[in-house]
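Residue 1 is where the sequence shown starts when you use full-length UniProt numbering, and the numbers rise one by one after that. Where is the CB? At the ideal position from N, CA and C, for every residue including glycine. One structure is given below, encoded as structure tokens.
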Amino acid sequence: MEEKKLDVKSILGFVLIFAVFMWMMMPKQLTKEEQAAKAKKEQEAKAAETAKKTPPTKVIAAMPTDSTAGDSAQLAKLRGTLGDFAYSATLPSAKENFTTIENKLVSLTIANKGGYIVDAKLKGYEKIKKGSGNLVELIKDNNAGLNIKMQTQDNRVIDTKNMYFEPVVTKSGENQILTMRLKAGADAFLEYQYVLKPNDYMLDFSVRSQGLNKVLNTTKPADLEWSLKSYRNEKSATYESRYADLRYEYEGDKNDYLGQGKDKTETVEKVSYIAFKQHFFTSILLTDKPFAKAELYSDNLVHDEKVDSVFTKQFRATVPLAFENGELNHKMNWYYGPTDYKTLKHYDRNIEKIVPLGWGIFGWINRYLFIPAYDVLSLIMSQGLAIIFFTILIKLLMSPVTYKSFLSQAKMKVLRPEIAELNEKFKKDPMKKQQETMKLYNKAGVNPMAGCIPALLQMPVFYALFQFFPSALSLRQEGFLWATDLSSFDSVYKLPFFIPLYGNHISLFPILASIAIFFYMKMTTGDQQASAPQQEGMPDMGKIMKVMIYISPLMMLIFFNNYASGLSLYYFISNLITIGIMLVIKNYIVDNDKIHAQIQQNKLKEPKKQGGFQRKLQEMMEQAEAEKAKKK
Numbered sequence: 001m002e003e004k005k006l007d008v009k010s011i012l013g014f015v016l017i018f019a020v021f022m023w024m025m026m027p028k029q030l031t032k033e034e035q036a037a038k039a040k041k042e043q044e045a046k047a048a049e050t051a052k053k054t055p056p057t058k059v060i061a062a063m064p065t066d067s068t069a070g071d072s073a074q075l076a077k078l079r080g081t082l083g084d085f086a087y088s089a090t091l092p093s094a095k096e097n098f099t100t101i102e103n104k105l106v107s108l109t110i111a112n113k114g115g116y117i118v119d120a121k122l123k124g125y126e127k128i129k130k131g132s133g134n135l136v137e138l139i140k141d142n143n144a145g146l147n148i149k150m151q152t153q154d155n156r157v158i159d160t161k162n163m164y165f166e167p168v169v170t171k172s173g174e175n176q177i178l179t180m181r182l183k184a185g186a187d188a189f190l191e192y193q194y195v196l197k198p199n200d201y202m203l204d205f206s207v208r209s210q211g212l213n214k215v216l217n218t219t220k221p222a223d224l225e226w227s228l229k230s231y232r233n234e235k236s237a238t239y240e241s242r243y244a245d246l247r248y249e250y251e252g253d254k255n256d257y258l259g260q261g262k263d264k265t266e267t268v269e270k271v272s273y274i275a276f277k278q279h280f281f282t283s284i285l286l287t288d289k290p291f292a293k294a295e296l297y298s299d300n301l302v303h304d305e306k307v308d309s310v311f312t313k314q315f316r317a318t319v320p321l322a323f324e325n326g327e328l329n330h331k332m333n334w335y336y337g338p339t340d341y342k343t344l345k346h347y348d349r350n351i352e353k354i355v356p357l358g359w360g361i362f363g364w365i366n367r368y369l370f371i372p373a374y375d376v377l378s379l380i381m382s383q384g385l386a387i388i389f390f391t392i393l394i395k396l397l398m399s400p401v402t403y404k405s406f407l408s409q410a411k412m413k414v415l416r417p418e419i420a421e422l423n424e425k426f427k428k429d430p431m432k433k434q435q436e437t438m439k440l441y442n443k444a445g446v447n448p449m450a451g452c453i454p455a456l457l458q459m460p461v462f463y464a465l466f467q468f469f470p471s472a473l474s475l476r477q478e479g480f481l482w483a484t485d486l487s488s489f490d491s492v493y494k495l496p497f498f499i500p501l502y503g504n505h506i507s508l509f510p511i512l513a514s515i516a517i518f519f520y521m522k523m524t525t526g527d528q529q530a531s532a533p534q535q536e537g538m539p540d541m542g543k544i545m546k547v548m549i550y551i552s553p554l555m556m557l558i559f560f561n562n563y564a565s566g567l568s569l570y571y572f573i574s575n576l577i578t579i580g581i582m583l584v585i586k587n588y589i590v591d592n593d594k595i596h597a598q599i600q601q602n603k604l605k606e607p608k609k610q611g612g613f614q615r616k617l618q619e620m621m622e623q624a625e626a627e628k629a630k631k632k
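Set out below in structure tokens:
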């Protein structure tokens, strides 16, 4: 038979597929205009930080100080602009003072001006590197803001972010209560109330007003505007940005996210929470009564990690706060804490769904199998060893599927000489050749699809694990062997230059995983080539598989160089175990002579009843053959 060669079109197809895949993973390059606009924004942000003269200071309760709004001309101008709310500018609290409330988990500093948090620290987590002593700060240096925009009866606009609130700290049991009041008169005010409980990341937050119906236009809702420019907290800004996005729940229990990329916007109705999710940390606004709608915005700030190394995302949300009987009265919550599945699940508010564990069966596998199993292992051993034993456990559970796949390949390999005879005998009649091949499979009791089904069964596990490891907070800043952080890349050598797609460092675990994949594919490709019959007019699958032997490890090497080393460790150990299992099956379990004898016995028996798919395929081929004979 004439040898089929791998044609140029097939090679070109693989190259194009690989190029498209790499292009999808490559960060978007900015145009010159976008770069100029970005540079201008960064300069403005730096100028704002430099202009800030009074840093937040920790106090238990803000003490009255001299007013900074004493100038009569300025006060008159302010009163003309803001009406009765100018009363707040005459209060002793109308100065850049700050109040701090804290527990064992979080420390929150709230400013008089705007009445919102200007510093939010998580006490149990350090940024970038373990041992640095720098706590993770979700809010600092004016990277976040809260504003309620209201309209007066004479159509003027009031922005609470520019107004001074008066703080009062009280206690209720172990709960710390901070009440911030923006006064418009002796008995008229807008009030924010923060309630921090012990050992809790979640705050109670309420907005209410009193006596403002004479000042404000209460027929239109006030607009609550919340924004956050998320700080980088991990070793790789690009990798962290990939898992940072704006997520929300709407219409009861539906969950979605805004997506990656530049200037993403969405308007959603009946929203019950909005999460400004970073990779391992998140800020969430929840409401007891769903917001009628939410206008959401997200922008990716990491385009070039060499330049964009401070911030990852810009988030913004605007929601309406309706007046009831002429007043505001809304109960909400803030969450400032880790993006950890178990921690978020504890609140029973569906916020654990912001953790990207995968949809459908993939999320089910992670939630009910992988997370509980890995939690048990990580309690009794280090994170690196937990990954290894976790991998062994999964491979043992999947070993029956591996056995079925290898057994199917062995049966096809035994039948290859007879299939080759049919190819030669009916080489001028492809339809007849297909019919006789199907009859041979049926008589021998071999299902040509049996080798594909086990591979398909492993796909949900593969994808679930791909989602599981990047979401595992327990891996963050935990070392193993040369890797100092299993949630980030394991750089063993920093390159003096930058390679597109690959980066400026060499990670060792992806190299080991690529080598293991190469040898695994080398083993399986030999058996597949031996078992796969060559079809007339079709590309030689054996030669295609030879190309894939080199493409797959190369993709692994490039794609995972900047991924979590814990994920690369899993794939390395997984492929080593698979190679071991296949060697045991091949040398000690599967006997080709016995398989051949069994197939010969099956041929002597009554042909096995065909399945629905095989029967339908056989009928279609027979009909086509009949039509062909009729035309002749």
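In this structure the stretch 241 to 251 touches the stretch 268 to 277; the number of beta carbon pairs closer than 8 angstroms is three or more. K342 and Y368 have their C-alpha atoms roughly 12 angstroms apart. The three-state reading of DSSP puts D485 in coil, since its state is none of H, G, I, E or B.
In the three-state scheme derived from DSSP, where H, G and I count as helix and E and B as strand, V271 is classed as strand. With a minimum length of 3 residues, the unbroken runs of beta strand (DSSP E) contained wholly in the stretch 311 to 364 fall at 311 to 321, 329 to 338.
In the DSSP assignment, T219 falls outside any beta strand (DSSP E), carrying neither H nor E. S488 places its beta carbon 8 angstroms or farther from that of S405. Rounded to whole angstroms, the gap between the alpha carbons of P356 and N350 is 13 angstroms. Residue burial is scored here from C-beta neighbours: W334 has at least 16 other C-beta atoms within 10 angstroms and is therefore classed as buried.
Within the stretch 146 to 170, the complete beta strand (DSSP E) runs of at least 3 residues fall at 157 to 159. Here M381 carries a coil assignment [DSSP, helix/strand/coil].
Using a C-beta cut-off of 8 angstroms, the stretch 176 to 191 makes no contact with the stretch 292 to 306, since fewer than three inter-stretch Cβ pairs fall below that distance.
Going by C-alpha positions, E478 is about 8 angstroms away from S382. The beta carbon of F311 sits closer than 7 angstroms to the beta carbons of K229, S230, Y231, R232, L301 from its chain, once the five residues preceding and following it are set aside; these are given in chain order.
Around the beta-carbon of Q153, fewer than 16 other beta-carbon atoms lie within 10 Å, marking it exposed. Under the DSSP assignment, L285 falls in the beta strand (DSSP E) whose first and last residues are 281 to 300. Close CB contacts of I110 within its chain, under the 8 angstroms cut and outside five residues either way in sequence, are with F98, T99, T100, I101, Y116, I117, V118, P167, L178, M180, Y194 (chain order). Within the same chain, and ignoring the five residues on either side of F572 in sequence, the residues whose Cβ sits closer than 8 angstroms to its Cβ are F509, L512, A513, A516. Distance from L105 to D200 at the Cβ level is roughly 7 angstroms; contact confirmed, criterion being Cβ atoms closer than 8 angstroms.
Contact between the stretch 494 to 501 and the stretch 466 to 477 is absent: fewer than 3 CB-CB pairs across the two stretches fall below 8 angstroms. Taken through DSSP and simplified to helix, strand or coil, S132 comes out as coil. Going by DSSP, R247 is part of the beta strand (DSSP E) stretching over 245 to 250.
Under the three-pair Cβ rule at 8 angstroms, the stretch 434 to 442 does not count as touching the stretch 490 to 498. Counted as a single uninterrupted DSSP element, the alpha helix (DSSP H) harbouring F572 occupies residues 565 to 584. In the same chain as L190, and ignoring 5 residues on each side of it, the C-beta atoms closer than 6 angstroms to its own belong to L182, S209, in chain order. Between L108 and L224, the alpha-carbon positions lie close to 20 angstroms from each other. Judged by their CB atoms, E234 and H279 are nearer to each other than the 8 angstroms cut-off.
Separation of the CB atoms of A373 and F390 is rounded to 7 angstroms, and the pair is thereby assigned contact status at 8 angstroms. Each residue's CA atom was taken as its position, placing I581 and H505 some 33 angstroms apart.
The C-alpha of Y297 is placed about 18 angstroms away from the C-alpha of I139. Put simply, of H303, S507, F281 the residue whose alpha carbon is nearest the alpha carbon of G261 is H303.
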